[in-house]
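Structure record follows, encoded as structure tokens.
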Amino acid sequence: MSTKDPCQKQACEIQKCLQANHYQESKCQHVIQEMHKCCKRYGKTSICCSGFLKEEEKT
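First residue of the sequence shown: 23, per my numbering; consecutive thereafter.
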């Protein structure tokens with residue numbers, strides 16, 4: 023039995039926000055920040071965070 027990704031909820035919230043706001047990231051910064059917080063806490067165990075962690079490595 024697989025365990026639920028600890029940051030899946032935040033990833034889904036980002037998608038919902040982007041869809042609702044015609045993919046304008048500036049209107050979804052609050053949910054993106056929550057995803058960053060989750061990834062900092064669970065990054066090694068969250069598949070949803072793989073893109074976020076790679077993005078942070080670039081900066």
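We put the beta carbon where it would ideally sit given N, CA and C, even for glycine.
Since this is a predicted model, take the numbers as computed values, not measurements.
| field | Cβ shell of residue 70 (< 6 angstroms), same chain only, five flanking positions each side left out | value | 27, 29, 30, 33
| query | Counting along the chain, where does the alpha helix (DSSP H) carrying residue 61 start and finish? | reply | 51-64
| Under the three-state DSSP convention, the category residue 46 falls into | coil
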